[in-house]
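Numbering (this note's numbering), first residue to last: 66 to 171. A virtual CB, placed ideally from N, CA and C, is assigned to each residue, including glycine. In this text, all values refer to a predicted model and were calculated from it rather than measured experimentally. The structure appears below as structure tokens.
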């Protein structure tokens, strides 16, 4: 479970405006923490969302352009993860990092 790996994650149950359903999500936590803890920090991906940096960043997943939804970052238990879907490229991971820095004022 490395930083930048993309896993299918079951985000249900949700409330209000939280992004829903089972979808690919990027692991954004540090790799040693991902391996040591029972939870991981993820950013959900969407094919429906429009690209509007810094909140939504365009990245490639499963051979298509998708949006990483930076303002929907969350911590999930590893039991919500199913199979690995893909790995984010270094270029896309850097763009996602910039989006997270802007969204979280880091």
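Practice prompt. Identify the continuous alpha helix (DSSP H) that holds residue 136 and give its terminal residues.
Written response: Careful: residue 136 lies outside any alpha helix (DSSP H) and carries neither H nor E.
Fill in: Integer-rounded CB distance, given that residue 96 should sit under 8 angstroms from residue 68
5 angstroms
Worksheet item: Roughly how many angstroms lie between the CA atoms of residue 148 and residue 110, to the nearest whole one?
Response: 15 angstroms
Worksheet item: Between which two residues does the beta strand (DSSP E) carrying residue 109 extend?
Response: 104-111
Item to complete: With distances taken Cα to Cα, identify the nearest neighbour of residue 172 among 77, 83, 82, 135.
Response: The structure shown does not extend to residue 172, since the chain is modelled only from 66 through 171, so no value can be given for it.
Discussion item. Looking at residue 71: is its Cβ nearer than 8 angstroms to the Cβ of residue 132?
Written reply: no
Worksheet item: Whose C-beta lies closer than 6 angstroms to the C-beta of residue 140 among residues of the same chain, with five residues either side of it excluded?
Response: 104, 106
Worksheet item: For residue 138, is the beta carbon positioned less than 7 angstroms from some heavy atom of the ligand ATP?
Response: Here there are no bound small molecules, and the ligand ATP is not part of this structure.
Worksheet item: For residue 94, does the three-state DSSP call read helix, strand or coil?
Response: coil
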